[in-house]
Each structure stands twice: as structure tokens, then as C-alpha cells.
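To keep things clear, I will list the structure first and then write my remarks on it.
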Amino acid sequence: MTQEPFDVPHVPEVYAAPAVQWYDGEHRRHLAFGREVALHLASADEPLVRSGPLAVAGAGDPAGRWLVVPAGTTPPGGNGALGLLMGRGVDADGWQYTMLAGPEPGPLPILTLDTATHAAVLRAAEAGAGWFAGNAPIRRIDVRAANVHGRWRTAAGGPDLLLTAHYDGVGDHPGLRQPAAADNASGVAVVLEAAAVLAETLPGDVGLAVALLDGEEAGALGSAHHAGRLRAAGAAPIVINVDGAGHLHEAAAVEAGGPAHALLAALDQAGRHTGLPLVAGPVASDNRRYAAAGFAAVGIGAGMAGYHSPADTPDRVETATLEAVARLTVAAAMMYTSSLIGDRR
């Protein structure tokens, strides 16, 4: 196994839990970080608590006020406001979804409130009542990332299979552990198990490599870096990427890109062979970077309950789903290579 480092610039980091409370004219409430309040990626860094009256964005003088942005409204610029309050949905476990890739920071602190809290704060602002106090401790840092590569077998005239999965998560927040078990420790486990099986069963002239990728959550930068190096070297791997094998619902999602018609046909055949239903659906992951580089690539995703939140814990990853996606990956690789060997004959 070898490491291949690369730079990831301007990664958002929440370096302290925001201290947020508000008053509706009758009751003072402290908001729970990660659930009722979170940091917007376009937020300016503001470590100090700002306190002031509430107002509705676009109505009246914004100076010295926290502006509540109604749903569907374009957030305003600066104009002396203390900050912006935007609504955001929560997942089934009550957590706001954490992201690393998004817009550049703007001039104001921006907090996201769960939809129920946002509606209550908006009502108070419309009534001209209450106040809000909060800060936005979020900064951008440059980090050093690294892909991890391993080659089981060198291609000897046959196709070169590349199994990929990203091993990075969205990171922890102060006081909030985000384990990243389904997204994407489960995909890493599937890829490594499939590689161990395929190393013993693939035809002798077929190559086999694994890439465990960093920087996927920051814009799939690890796969972009790797795909660029492969293309520059004149390589032409067949890529199977697994992003999420934690909780199978009714079917696994599959997305194909690049010259992947034969690979997609093999995957469809493998799904029928293993009994795993497949459905065409978005797999917005590293497979897209390899496809954009001109390689045949498919992405497989099989559920990630609670992902990008503290709810993405190991106990929620289903063993049956891990096994099903691993069998699918192995079968697809075997059927694809067998079809190529048959064509050559």
C-alpha cells in the first residue's frame, strides 16, 4: 500500500460550538447545536456573540438586527445586519446535515435553524417582538490529504479493474462525534473484501487495484487528483466505486459514466445473479470524477441512514447489506472480465 498526498484548500471548520439563544417576548430558549442550530457554509467567521432585535429580511432597516430569511427568499447582503437566520430541515434523527463543499463565505454570520425553530423565530420577527443572540465560529483551513493505493495484480494484456471507496468523513464538531460508519467506512469494507476475493478468482491476465480516497466530502478532490494522474500516465482502468453499503432499502442505486455500457450490463447481470435489486439513481461520488476523465466507471450506493451526522454509527450498518454489495461487486467484476475474454476468443 502506498500513500499519495495532495492539498485540499479552504476546508470549513467549526472550531467551537456556537452559543445561541433567543427570546420571543415571553420565553428565552437556548438552541442545541447540530439539531436546532448549525453553521451555514456561506457564513462569515464571527467568534463573538452578537445580540440584537429580530427583523424579517427585506422589510425595514436591517442595521443592528438579526434578519430572518423566509423560505424561498434570496439572502440579502450586509447593510449593517448582525447576521442571517435561515431555515433548514433535519433528518429522521433530528440532526442537521453536515457538509464540507459549498459556497464561499459571505460578509455576514449565517446560522441555519431547524424548520420549526425558524418558523417560530420568523413569527416573532413579523410581530416585532423578541431578540436573538449568537455567534458563528467557522473558519477555512488548508489541509493535507492523502489517497491510499494498493495493487493486487498487474494487468497482463487483460482489463485493469480499479475498486474505489472514499474513507474520509465530514469530521467531528466540538462536542459532536460524527463516526461516518455508513458513509463511508461501509464502502471501504466492501471494496477491501471484494479485492481479497477477486485476487484469487479473476483470470490471470486481469489487473486489480484498490484506491481508498480522501477529500470526497470536500468536492471529490481525491478522485479528481487520482483520475488526472491515471489519465496522464495513459492508463485505462475499469472503475467500480462504492459509496455507502450500510442500509439496503428496496434496491441499490447505480450510476454509470464514461464508456461504461459493457460494465453496466455486467452489473445488471450480477444483480440478477446475486438477487440484489438495482435501480438507476444518482451516486454523487468519486465515480463521477473517473467518468469525467474518460474511464468506464460505475457508482454503487446502498443506503446511509443518519449519514453526515452523529447518527451515522457502526450499529446501524447492516451486515446483510455489506455482504450483498460485496457479492454484487465481485460478481460484476467476474462477469465483466469473462465477457471480455469470451469476446477475444
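If you want the numbering used here, it's the position in the sequence shown, counting the first as 1, plus 59. Glycine residues also receive a C-beta, built at the ideal position from the N, C-alpha and C atoms. Every value quoted in this text rests on a predicted model; they were computed, and no experiment measured them.
By DSSP's criteria, tyrosine 82 is part of a beta bridge. Which residues make up the other side?
Arg87, Trp190
Alpha carbon to alpha carbon, how far is glycine 358 from glycine 93? Give it in angstroms, no decimals.
30 Å
Which of the three DSSP states is assigned to asparagine 300 in this structure?
strand
Based on Cα-Cα distance, which residue from Leu307, Glu309, Asn300, Ala304 lies nearest to alanine 315?
Of the residues Leu307, Glu309, Asn300, Ala304, the one whose Cα lies closest to the Cα of alanine 315 is Asn300.
Taking only three categories from DSSP, how would you classify asparagine 346?
helix
Distance check for valine 298 and leucine 417, CA to CA, integer angstroms please.
Nothing can be reported for residue 417: it is not among the residues displayed for the chain, which extend from 60 to 404.
Whose C-alpha, out of Ala279, Asn346, Thr176, Ala151, is nearest the C-alpha of proline 296?
Asn346
Please return the same chain residues whose Cβ sits closer than 6 Å to the Cβ of proline 329, not counting the five positions on each side in sequence.
Contrary to the premise, residue 329 reads as alanine rather than proline in this sequence. Excluding residues within five positions, the ones whose Cβ falls inside 6 Å are Leu387, Ala390, Ala391, Met394.
Under DSSP, the alpha helix (DSSP H) around valine 247 begins and ends at which residues?
If you look at valine 247, you'll find it in the alpha helix (DSSP H) that goes 245–260.
Would you mind stating whether aspartate 273 and glycine 360 have Cβ atoms separated by less than 8 Å?
no
Output the distance between the C-alpha atoms of tryptophan 125 and leucine 143, rounded to the nearest integer angstrom.
6 Å
Any idea what DSSP makes of alanine 391, helix, strand or coil?
Alanine 391: helix per DSSP, three-state reduction.
Which residue's Cα is closest to the Cα of valine 202: Val269, Thr396, Leu159?
Leu159
So what does valine 207 bridge to, in DSSP terms?
Paired residues: Gln62, Leu271.
Coil, strand or helix - alanine 294 by DSSP:
coil
From Pro336, Tyr349, Asp242, Asn206, residue whose alpha carbon lies closest to that of alanine 370:
Ranked by Cα distance from alanine 370, the options Pro336, Tyr349, Asp242, Asn206 are led by Asp242.
Sorted by chain position, which residues of the same chain lie with C-beta nearer than 7 Å to glycine 123's C-beta, five sequence neighbours on each side aside?
Gly111, Gly139, Leu141
Across which residues does DSSP place serine 110 in a beta bridge pair?
Ala192
Starting from the Cα of aspartate 152, find the closest Cα among Glu85, Ser368, Pro373 and give me that residue.
Ser368
Measure the alpha-carbon distance for glutamate 275 versus valine 149 and round it to whole angstroms.
22 Å
Rounded to whole angstroms, what is the Cα-Cα separation between glycine 119 and tyrosine 156?
32 Å
Compare the Cα-Cα distances from leucine 384 to each of Arg198, Pro134, Ala304, Leu322 and report the closest residue.
Sequence check: residue 384 is valine here, not leucine. Of all alpha-carbon atoms in Arg198, Pro134, Ala304, Leu322, the one lying nearest the alpha-carbon of valine 384 is that of Ala304.
Minimum length 3: unbroken beta strand (DSSP E) runs contained in the region 93–147:
DSSP runs (the beta strand (DSSP E)) wholly in the region 93–147: 96–98, 105–115, 125–128, 142–147.
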